[in-house]
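In our numbering, the protein residues as written are 30 to 251.
What follows is a single structure, written as structure tokens, with notes after it.
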Amino acid sequence: MSEARISLPSIRRFPSYLRILMQVREQGEKSISATQLASELGLTSIQVRKDLASTGIEGKPKIGFSVEELIVAITHSLGWDNATEALIVGAGNLGSAIAAYNGFSAYGLKIVAIFDKDPKKIGTKVGHLTVLPVDTINQYIKSNRVTIAVVAVPANQAQATVDMLVKCGIRGIWNFASKNLKVPEDVVMQRTDLAASFAVLSVMLRRKYREETESDDDNDSY
């Protein structure tokens, strides 16, 4: 099935499936059922079967799905079987942490360069990368044909940074700046909002405490 026909909700769930599948493979298991995956991820087996069907892999009655076939199919659907190079703009704490993270290779992403405008940071090392001056980024993009950029600059610099990247030929932007940014229609941008993620965690935690408190009150009433 064409990846264009795979829904975005399914794509968002694929990395979770892949994590479970790799764990199961490490344990020596050759097959897995939709029910097992659903139980691990808090989903329904119907939803899991629908998601997996979009990869073109079919399960067998009483056996389930081939773990290896699913890993290959999901990895291909996500485009993680071909290495994609990306650069980072912003060598602050967040940008440096992203650059130093070694786990991206498992997702087919390779961070090849990091840029900053601060003279004190230029020339310093972040992992295996040397921080480059941001005014050289245009030539770097043209010479290396990089099409993806990670934006990890302060919010007040983000839009100008994105505008500059688009002019340099970047067509995919992973935005970590805490600001909604505008890009042309032919540019794809994904925002990772740390505040939104923490908000969900905070609310869920409060609800959990509330449920436990109410449960304790109910038990005390007997």
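Beta carbons are placed, not taken as given, at the ideal position from N, Cα and C, and that holds for glycine.
Reducing DSSP to helix, strand and coil, say where residue i ends up.
{"i": "Pro162", "result": "strand"}
{"i": "Val217", "result": "strand"}
{"i": "Val141", "result": "strand"}
{"i": "His88", "result": "Per the sequence shown, residue 88 should be read as Gly rather than His. It is coil, neither helix nor strand."}
{"i": "Thr113", "result": "strand"}
{"i": "Gly93", "result": "strand"}
{"i": "Ser62", "result": "coil"}
{"i": "Ile199", "result": "coil"}
{"i": "Asp192", "result": "helix"}
{"i": "Ser31", "result": "Because the pLDDT at Ser31 is just 46, under 50, the model does not fix this residue reliably, and the value given afterwards should be weighed accordingly. Of the three classes helix, strand and coil, the one that applies to Ser31 here is coil, per DSSP."}
{"i": "Arg174", "result": "coil"}
{"i": "Lys237", "result": "helix"}
{"i": "Leu210", "result": "coil"}
{"i": "Tyr130", "result": "coil"}
{"i": "Ser124", "result": "In the sequence under discussion, the amino acid at residue 124 is Gly, which differs from the Ser named in the question. Of the three classes helix, strand and coil, the one that applies to Gly124 here is helix, per DSSP."}
Could you tell me which residues DSSP pairs with residue i in its beta bridges?
{"i": "Gly156", "result": "For Gly156, which the question treats as bridged, DSSP gives no partner whatsoever."}
{"i": "Val180", "result": "Val118, Asn204"}
What residue from the options has the CA that sits closest to residue i's CA?
{"i": "His157", "options": "Ile143, Thr84, Asp215", "result": "Ile143"}
{"i": "Val191", "options": "Ser172, Arg174, Ile166, Asn131", "result": "Ile166"}
{"i": "Asn204", "options": "Ala187, Pro213, Glu214", "result": "Ala187"}
{"i": "Leu223", "options": "Lys208, Tyr169, Arg235, Lys237", "result": "Lys208"}
{"i": "Thr84", "options": "Gln168, Leu47, Tyr130", "result": "Leu47"}
{"i": "Ser134", "options": "Ser60, Ala115, Leu123", "result": "Ala115"}
{"i": "Ile35", "options": "Ala102, Ala225, Ala120, Val195", "result": "Ala102"}
{"i": "Asp215", "options": "Lys196, Ser231, Ser226, Ala225", "result": "Lys196"}
{"i": "Pro38", "options": "Tyr136, Gln76, Gln56", "result": "Gln76"}
{"i": "Thr64", "options": "Gln56, Asp80, Val217, Gly137", "result": "Asp80"}
Give me the Cβ distance between residue i and residue j, rounded to the nearest whole Å; I'm assuming they're in contact under 8 Å.
{"i": "Val118", "j": "Val182", "result": "6 Å"}
{"i": "Gly198", "j": "Ile177", "result": "Contact flag wrong, Cβ pair sits at about 11 Å."}
{"i": "Pro162", "j": "Ile170", "result": "Wrong, their Cβ atoms sit about 14 Å apart, outside the cutoff."}
{"i": "Ile92", "j": "Ser60", "result": "5 Å"}
{"i": "Phe43", "j": "Ser106", "result": "6 Å"}
{"i": "Val155", "j": "Ala120", "result": "6 Å"}
Grab the span of the beta strand (DSSP E) containing residue i for me, first residue to last.
{"i": "Ile40", "result": "Premise fails: Ile40 lies in the alpha helix (DSSP H), 37 to 55, not in any beta strand (DSSP E)."}
Could you give the first and the last residue of the continuous alpha helix (DSSP H) run that contains residue i?
{"i": "Val101", "result": "96 to 106"}
{"i": "Lys150", "result": "Where Lys150 is concerned, there is no enclosing alpha helix (DSSP H), given that its DSSP letter is neither H nor E."}
{"i": "Ile75", "result": "74 to 82"}
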